[in-house]
Structures are given as structure tokens and as C-alpha cells.
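Below is one structure; the comments refer to it alone.
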Amino acid sequence: MSATTRPARTAPLPPQGGGPNWDWAAPAPTGPSTERPKTPVATRGDGLGRARRLWSLLPVAALLAASGLGWHRVFGTRDLLPVLAVSVLAPIALSALLSGALSRKGRTGPLWPSVVLTVAAWTGTVWLTMFKDGGPRAIWPALLDAPHAVLTTILPVPGEARLLVLPHAVLWLAAFASAELALRTRTPLLPALPAVLAFGFPLVLGVDGPGSNYPVVAALAALTALLALIRSRVSPSVRGLALGLPVVLGLTLIASLAGTGLPGMGAAYDPRDAITPPTVRPESISPLDQVAALMRSGDAKVFTVRTAAETNYRLAVLDAYNGTTWSSTAKLARTGGRVPAERGVDPGKRQEVTQRFTVQSLPGIWLPAADRPSAVTLPDHTDLSVDPAAGVLATDRTAPSGFSYTAVSQLPVYDVQRLQYAPAADDPALVELPRTDAADQPIPSVASFTKIAAKATEGSSFPYEQAVKLADWLRASYQFDPRAIPGHTYRGLEFFLTDGKRGTSEQFAASFAVLARTLGLPSRVVVGFRPGTKTGDDTWQVTGKDVLAWPEVEFKGIGWVPFYPTPGTTSQDGSSVAPAGQTKDRKTVDQQITDQPRPSAPPKAVGTPAPTAAPAAGTPWWIYAPAGALLLVLGYLLYAAWLPWRRRARRRGAADVRQRVLGAWQQIVDRLTEIGLPATGAHTAEEVAAFGATRVGGAAGEHLPDLARLVNEVGYAGRTPDPASADAAWAHCDAIERVVLRTIPRRDRIGRALRLRRG
Numbered sequence: 011m012s013a014t015t016r017p018a019r020t021a022p023l024p025p026q027g028g029g030p031n032w033d034w035a036a037p038a039p040t041g042p043s044t045e046r047p048k049t050p051v052a053t054r055g056d057g058l059g060r061a062r063r064l065w066s067l068l069p070v071a072a073l074l075a076a077s078g079l080g081w082h083r084v085f086g087t088r089d090l091l092p093v094l095a096v097s098v099l100a101p102i103a104l105s106a107l108l109s110g111a112l113s114r115k116g117r118t119g120p121l122w123p124s125v126v127l128t129v130a131a132w133t134g135t136v137w138l139t140m141f142k143d144g145g146p147r148a149i150w151p152a153l154l155d156a157p158h159a160v161l162t163t164i165l166p167v168p169g170e171a172r173l174l175v176l177p178h179a180v181l182w183l184a185a186f187a188s189a190e191l192a193l194r195t196r197t198p199l200l201p202a203l204p205a206v207l208a209f210g211f212p213l214v215l216g217v218d219g220p221g222s223n224y225p226v227v228a229a230l231a232a233l234t235a236l237l238a239l240i241r242s243r244v245s246p247s248v249r250g251l252a253l254g255l256p257v258v259l260g261l262t263l264i265a266s267l268a269g270t271g272l273p274g275m276g277a278a279y280d281p282r283d284a285i286t287p288p289t290v291r292p293e294s295i296s297p298l299d300q301v302a303a304l305m306r307s308g309d310a311k312v313f314t315v316r317t318a319a320e321t322n323y324r325l326a327v328l329d330a331y332n333g334t335t336w337s338s339t340a341k342l343a344r345t346g347g348r349v350p351a352e353r354g355v356d357p358g359k360r361q362e363v364t365q366r367f368t369v370q371s372l373p374g375i376w377l378p379a380a381d382r383p384s385a386v387t388l389p390d391h392t393d394l395s396v397d398p399a400a401g402v403l404a405t406d407r408t409a410p411s412g413f414s415y416t417a418v419s420q421l422p423v424y425d426v427q428r429l430q431y432a433p434a435a436d437d438p439a440l441v442e443l444p445r446t447d448a449a450d451q452p453i454p455s456v457a458s459f460t461k462i463a464a465k466a467t468e469g470s471s472f473p474y475e476q477a478v479k480l481a482d483w484l485r486a487s488y489q490f491d492p493r494a495i496p497g498h499t500y501r502g503l504e505f506f507l508t509d510g511k512r513g514t515s516e517q518f519a520a521s522f523a524v525l526a527r528t529l530g531l532p533s534r535v536v537v538g539f540r541p542g543t544k545t546g547d548d549t550w551q552v553t554g555k556d557v558l559a560w561p562e563v564e565f566k567g568i569g570w571v572p573f574y575p576t577p578g579t580t581s582q583d584g585s586s587v588a589p590a591g592q593t594k595d596r597k598t599v600d601q602q603i604t605d606q607p608r609p610s611a612p613p614k615a616v617g618t619p620a621p622t623a624a625p626a627a628g629t630p631w632w633i634y635a636p637a638g639a640l641l642l643v644l645g646y647l648l649y650a651a652w653l654p655w656r657r658r659a660r661r662r663g664a665a666d667v668r669q670r671v672l673g674a675w676q677q678i679v680d681r682l683t684e685i686g687l688p689a690t691g692a693h694t695a696e697e698v699a700a701f702g703a704t705r706v707g708g709a710a711g712e713h714l715p716d717l718a719r720l721v722n723e724v725g726y727a728g729r730t731p732d733p734a735s736a737d738a739a740w741a742h743c744d745a746i747e748r749v750v751l752r753t754i755p756r757r758d759r760i761g762r763a764l765r766l767r768r769g
């Protein structure tokens with residue numbers, strides 16, 4: 011039984027209508043039209059003044075800046091920052107100036123002058139800074155075409171005006187809308203809506219781009235909550251900030267945890283999958299057909315490269331064979347310099363190599379690079395395309411003499427444990443061989459190739475060993491001849507393998523690829539160059555005689571692995587030595603695999619641990635401390651929300667009917683304490699009812715006397731209540747609470763809950 015219902019009191023309340031601490035100067039309301047006196051809390055400000063609205067533009071600008079940073083997965087940061095500064099600050103400044111100029115006697119001016127001026131200002135700004143040569147007429151076509159152009163370009167896209175106009179327009183419009191909402195409305199959260207909606211553009215367009223949007227989402231949540239605090243109708247105070255900041259942190263944590271379900275934050279739908287990028291058609295002449303011509307050019311200079319590594323350079327990848335020629339199925343898409351990583355491949359151990367190329371006389375549209383580059387830097391105004399599947403580079407036209415660019419490659423470091431038992435990749439398209447000619451007649455060569463491949467790899471146990479043996483067999487059985495007749499048709503390869511037995515790297519690579527496909531090994535042919543001749547410190551000269559074709563085989567989880575079936579030189583007696591293009595480290599690995607005893611099953615089956623993929627990169631260590639703090643804050647907030655509900659449910663669901671009646675009264679006493687009832691613990695039920703009726707009135711004035719009477723009968727008159735009386739008490743309580751809660755500002759209710767008062 012609470013002390014608030016004692017019939018006697020030790021600290022008498024002032025009589026109704028008197029006393030400085032009680033606002034009972036007016037009698038209880040007598041009807042619905044009677045105006046109730048407002049509580050001191052309810053009269054703490056009547057809205058947002060102009061000064062506070064102007065101050066709220068600061069978090070609005072921060073929100074727009076955070077939203078604009080979401081474009082970092084689409085454009086390079088260096089290209090994005092100037093656009094961000096202009097498109098965020100300019101419209102907000104314009105809206106603030108116009109608001110002051112057009113407002114009269116405290117009233118906001120019309121909207122249409124702001125709309126007209128901001129459209130004119132945006133058009134003029136974009137024209138002068140981005141489309142000065144093309145004129146204003148070039149702006150709108152570029153803006154309409156920009157989304158499709160971004161979606162058909164590998165990220166990050168080039169920082170060109172015709173593409174940057176899209177974030178410029180989106181951010182300008184969002185900044186204008188947010189500023190006008192901040193200056194013209196009183197709602198705390200509405201000015202944040204345009205910034206959040208604007209973030210949707212880079213969120214969708216930047217799927218699979220570099221970097222992460224986790225910090226952006228967290229910043230948006232935190233700044234939105236901060237904006238709500240600043241724009242609250244209740245004046246900010248130290249206590250208010252102390253109560254509001256945990257809410258900000260909680261919202262930030264929730265946004266960060268929910269971010270994995272957003273595009274660009276985790277596994278998400280990529281709109282690029284539904285759009286066919288514009289394909290740059292490779293030249294009709296296969297680069298493999300140019301091998302013989304380049305070799306005949308001898309010492310003709312092709313390009314120079316500055317690099318610390320001695321490695322081969324891939325030029326073109328040919329993965330389709332029709333029985334007549336090897337060709338490329340590359341789907342070249344434009345890129346701003348990023349080359350996407352090969353999908354479904356564990357990169358394993360890698361060595362980063364930087365190469366600086368200078369073209370001298372390079373034929374075709376392809377650009378050389380070591381293995382599969384990860385990033386390329388070209389001169390300005392140069393269109394670069396990349397095949398996402400093979401990672402090869404191309405330009406829209408033949409590179410002129412003196413053309414320079416830089417490529418950064420991550421060269422794989424091969425080891426015995428990773429390669430020895432690796433299974434071949436499941437890629438049916440790359441093991442197909444045409445078995446009929448144009449007249450639908452069987453081609454006998456395919457059967458003979460199958461027999462030759464079986465003989466060459468006899469005794470091998472696993473796919474990688476098959477490939478190594480096949481390359482060794484070709485080097486040992488055939489001779490390199492730079493003057494051999496070119497060609498790689500079925501008939502030409504059959505002649506090379508059975509009668510001619512002399513050829514260039516074109517025949518060696520093409521024969522390996524065809525024979526490997528008969529063994530079920532996915533294969534392709536690569537045309538490129540050997541390291542060349544060192545002419546100075548880390549400088550290499552590559553000439554026509556350095557051209558080289560080699561085959562590659564695809565292994566599950568590892569990707570494409572090169573093999574070198576072409577002999578490097580020919581001795582005086584005609585025997586082949588020194589595989590062309592093969593590094594010493596790779597030769598050592600292959601020898602270890604072929605020389606050691608071969609089990610009939612992978613090590614896992616005989617008790618030896620099988621090679622496993624490298625573990626995925628884990629969560630950075632610095633994430634745990636703030637994540638732990640945010641989890642604690644979230645747990646505190648959830649507990650604060652649960653505690654009042656649990657207290658009320660315990661009172662209403664008490665097993666003893668008498669305690670249920672008294673619990674309803676205690677619930678109302680707690681509510682009235684929130685609006686000014688002194689917590690002295692010495693009030694009679696009638697005094698509490700009189701306070702509530704005077705302070706709140708309405709339904710509270712009708713229900714409080716009945717509830718007070720019932721409480722006195724149960725608590726002091728010895729009445730034994732029945733369940734119906736308890737239900738009636740809680741019906742009174744529900745009606746009174748609804749009225750009382752409407753008089754308590756939401757901010758104060760949240761603050762009281764966060765103090766975790768127990769009862």
C-alpha cells in the first residue's frame with residue numbers, strides 16, 4: 011500500500027487556490043469549453059524561431075555532405091569533392107539568403123522565387139564549371155544519359171563532366187529541398203528526408219564499387235538524430251543532450267547493423283546485371299595470327315616498361331575455338347581505371363607489381379599488363395575498357411607512339427600444396443571443341459587429338475599434373491621454329507602434331523589448349539610478351555621477337571594458371587631447352603609435383619590435410635570497441651523501453667484482487683507525479699484526485715474521484731473487492747492515463763524512462 015493514500019498527512023497540502031508551489035488558482039473545470047491551465051513543462055516554447063531554424067541548417071549541410079560521400083563508390087574522391095562542396099553549400103546559402111529577404115513580419119515568403127532562382131543558379135554553375143565548351147544545351151542530354159552511362163561503366167567511373175553532372179544535380183536538388191523544409195517547417199525530421207533519399211542514388215549505382223558505405227549509413231543516422239534534437243520544440247539543454255545522445259548512438263548502431271541488407275553494403279542486387287554494357291568490338295584479326303608477323307619483325311621495338319619484376323605481359327585472351335581460329339569473346343566495358351577481381355577465386359598469396367609502360371609500335375587495341383591488373387592509370391581524356399571476365403585492357407583505338415600508362419598487378423605466388431590436387435573448374439563452355447564442320451560432317455582430327463592427349467599425360471593422377479605433363483611432352487617432342495608456317499586450324503594443328511613437329515609459340519599454345527580440352531581441362535590461349543631485355547635500372551625493352559603465346563588452364567578456387575609448352579631455344583642437335591616464359595620458381599614447383607610419389611587419391615582421403623582456401627578477411631579489430639559501446643547503449647535503451655511496460659503489467663496482473671485495485675491507483679499517482687504532483691508521499695486520495703482534476707481536467711476530472719473513492723474503501727474501509735471492482739479500477743486508470751499522457755511532452759516522457767525509475 012502506497013503512502014500516498016494515507017488518511018492523515020504530515021505535510022499538509024496548501025488549500026485549493028493557494029500556495030506558490032501549486033498552480034491551483036482556478037477551480038476545477040466545469041465543462042468541455044473550460045480552458046485548462048497549462049503545466050509549466052507544456053509551456054516551454056511554442057515552436058522554432060528563425061534563429062533556431064537557421065542553426066539547424068548546419069546539421070542539414072552535414073547530412074547532405076554525408077549523403078554525397080556515398081558517391082565515393084561511383085567516382086574517385088578527388089573528382090567528387092569539388093562537386094560535393096558546390097552542390098551542397100550553394101543551394102543552402104541561397105535558400106537562407108532568400109528566406110531572409112522575402113520574409114515579412116515573421117512570415118515565410120513564397121516558395122516560387124526560390125525554385126526559379128535555384129534552377130537558374132544550378133544551370134549557370136554547371137555550365138560555367140563543367141560544360142563551358144558545350145554550352146547550356148549540352149547539360150540536359152548529359153544529365154538524362156548519365157545513369158545509363160554509369161551503369162555500363164566498371165566502377166569507379168571516370169570523373170568526366172557528362173557523368174559528374176548526375177551527383178551534382180541530385181545533391182543540389184536535395185540540398186535545396188532540405189534547406190527549404192528546415193526554414194519553412196517545424197517538424198524535427200522532415201528536413202533529413204531529401205538527404206536520405208538522395209543517398210539512394212549512389213547506393214544503387216555504386217553496387218560492387220570499391221570501399222564501403224557503412225560509415226556513410228552510420229553518419230546519416232547520427233546526423234538525423236542530431237537534427238531532431240536541435241529542431242525539437244523543447245529548447246535544448248544539458249540534460250536534454252545527455253538523454254538524447256544515447257538515442258543518437260542507438261540509431262547509429264541500428265543503421266550500421268541494418269546496413270548489410272542495403273545495396274552496396276552486403277550481398278545485394280546489382281542493376282548492372284540487367285543492363286548489357288556497350289561492347290567494344292575487338293579487331294577482326296586474331297592477335298594469335300599476328301604472332302608470326304611480330305616475330306619476323308625481329309628487333310622492332312614494341313614498348314618499354316619500368317618495373318622491378320621480371321614477368322610476362324598479357325596482351326589478349328582468346329577463349330573461343332571454332333576449328334579454324336582462336337578468338338576472343340571479350341565484352342569490353344569502360345572503366346575509370348579499376349579492374350574487378352576474378353569472381354569465385356581465392357587470391358591466395360600475391361606479389362604486387364607496378365609497371366610503367368611506354369608504347370612504341372604496339373598493334374591493335376589491346377594494352378599489355380602483367381597477369382590480371384587491379385588498377386590502371388591512363389592519361390586524361392583516354393577511354394579505357396576492360397573485359398571483366400579475363401581482365402585484359404583495351405582502348406578505343408590503336409595506342410600511338412609515346413602513349414604511357416601505369417598498371418598495378420597482383421601476381422599469384424604458386425605453391426605445391428595449393429596446385430597439386432586442385433580440381434579443374436566446372437566450365438563446360440571452355441572444354442567444348444567443334445566436332446563437325448560447316449556441312450555438319452564429322453571432323454576426324456578431334457578423335458586423333460584425344461588419343462594424343464591420353465598418350466602425353468599417361469600416368470598422371472590429377473588435373474594439374476595432367477597439364478604439367480602435357481606441357482613437358484610438347485616441349486620434349488617438338489621443336490621451336492620462328493620461320494614455321496603460321497596457322498592453328500584443326501588441319502594445321504594435326505599436321506604440326508603428326509608430321510611437321512616444328513612451329514612457333516602459336517602452334518604450341520593452340521595445340522596445348524585443344525589437347526587439354528579433350529582431357530576435360532578448361533583452357534584458353536593468351537597472346538603477350540616475355541619480359542624483354544633489361545636496358546637500365548628496372549627498365550626493359552620489349553621487341554617483336556619477345557612475342558609469346560601460351561595456354562592457361564582454369565582450376566576451381568584458384569583461377570587461370572599459365573603453362574609454357576614452347577621451348578625457349580633450340581640446341582645445335584635440335585633438342586629443346588629452357589621453356590619460354592616460365593619463371594624459375596614456377597619450374598621448381600612443377601618439378602616437385604611431377605617428381606614426388608603420386609597417391610591415387612588426394613591427401614584428405616589418406617589422412618593428410620587437404621589444402622584449404624585462405625581465410626576471408628575478418629572484421630577489423632578497431633570495430634569491436636565502438637560496436638561494443640553501441641551494443642551497450644542499445645541494450646540500455648531497450649531495457650528502458652521494457653521497464654515501464656513490465657511495471658504496469660505486473661500491477662495489472664497481480665494475483666490478489668486488492669493489489670490490482672491499489673496498483674491502478676499507484677499507476678495514476680506515478681503519472682500525476684510526472685506533471686507536478688510533489689513526491690512527498692503524504693497526500694490523501696482526495697487531494698491527489700483534486701490535483702489531477704484541476705491540473706488535467708476533462709476525463710481525468712470525471713474518473714479520478716470514483717477511483718479515489720474505491721481506493722479508500724479498499725485500503726482503509728476494509729472492503730473486499732471482487733474482480734469486477736479491479737476491472738473498473740483499471741478502466742478508470744486507462745481513461746485517466748490517456749488524458750495525462752497528452753499533457754506530457756514526449757521528450758520528458760523519454761527522459762523519465764531513460765532514468766530507469768523503478769516502482
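Heads up, the sequence shown is in the numbering used here, so the first residue is 11 and it goes up one at a time.
Quick reminder that beta carbons are idealized off the backbone N, C-alpha and C, glycines included.
Give the range of the beta strand (DSSP E) segment to which residue 326 is assigned.
-> 323–328
Can you name, in chain order, every residue of its own chain whose Cβ lies under 6 Å from the Cβ of residue 381, other than the five neighbours on each side?
-> 419, 421
First and last residue of the beta strand (DSSP E) that includes residue 570?
-> 569–572
Touching or not, the segment 160–171 and the segment 209–221, by the rule of three or more beta carbon pairs under 8 Å?
-> yes
With DSSP run on the structure shown, which of helix, strand or coil describes residue 414?
-> strand
For residue 491 versus residue 514, is the C-beta distance shorter than 9 Å?
-> yes
Runs of alpha helix (DSSP H) wholly within the segment 684–762 (minimum 4 residues, chain order) = 695–705, 709–725, 733–753
Are residue 74 and residue 181 closer than 9 Å when you measure CB to CB?
-> yes
Residue 422 in three-state terms, based on DSSP | strand
Go through its chain and collect everything with a Cβ distance to residue 173's Cβ below 7 Å, but skip five positions before and after it.
-> 156, 159, 160, 167
Pick from 498, 200, 569, 188 that is closest to residue 355, judged by C-alpha positions = 569
Would you mind stating whether residue 349 and residue 396 have Cβ atoms separated by less than 9 Å?
-> yes
At least three beta-carbon pairs within less than 8 Å, the segment 741–757 to the segment 709–723 = yes
Going by Cα to Cα distance, which pick from 521, 534, 525 is closest to residue 576?
-> 521
Along the alpha helix (DSSP H) that carries residue 65, what are the first and last residues, could you check?
-> 60–65
Residue of 543, 525, 542 minimising C-alpha distance to residue 535 = 525
Can you tell me where the alpha helix (DSSP H) with residue 369 in it begins and where it stops?
-> Per DSSP, residue 369 belongs to no alpha helix (DSSP H); it is in the beta strand (DSSP E), 360–369.
Go to residue 501, then tell me how far its alpha helix (DSSP H) extends in each direction, as first and last residue.
-> 500–505
Boundaries of the beta strand (DSSP E) in which residue 386 is found, first to last residue = 383–387
Is there contact here, the segment 431–449 with the segment 556–569, by at least three beta-carbon pairs under 8 Å?
-> yes
Using the rule of at least 16 other Cβ atoms within 10 Å of the residue's Cβ for burial, across every protein chain shown, is residue 129 buried or exposed?
-> exposed
Measure the C-alpha to C-alpha separation of residue 684 and residue 650 and round it to an integer number of angstroms.
-> 16 Å
Residue 331 - DSSP class collapsed to helix/strand/coil = strand
Please specify which runs of the alpha helix (DSSP H), each continuous and at least 4 residues long, are wholly inside the segment 96–151, giving them in chain order.
-> 122–139
At least three beta-carbon pairs within less than 8 Å, the segment 424–433 to the segment 397–415 = no
Starting from the Cα of residue 377, find the closest Cα among 338, 540, 417, 192 and give me that residue.
-> 417
Return the bridge partner residues of residue 577 from the DSSP annotation.
-> 589
Option in 682, 179, 220, 230 with minimal Cα separation from residue 202 = 230
Local Cβ density within 10 Å of residue 345, reported as buried at 16 or more and exposed below that | buried
Note down the Cα distance separating residue 662 from residue 240, rounded to an integer number of angstroms.
-> 38 Å
Terminal residues of the alpha helix (DSSP H) in which residue 210 lies = 203–215
What are the start and end residues of the beta strand (DSSP E) that includes residue 555?
-> Premise fails: residue 555 is in no beta strand (DSSP E) and is neither H nor E.
Close-in-space but distant-in-sequence residues of the same chain around residue 308 (CB under 8 Å, 5 per side omitted) = 553, 554, 555
How do the segment 189–196 and the segment 96–107 stand: do at least 3 beta-carbon pairs fall below 8 Å, yes or no?
-> yes
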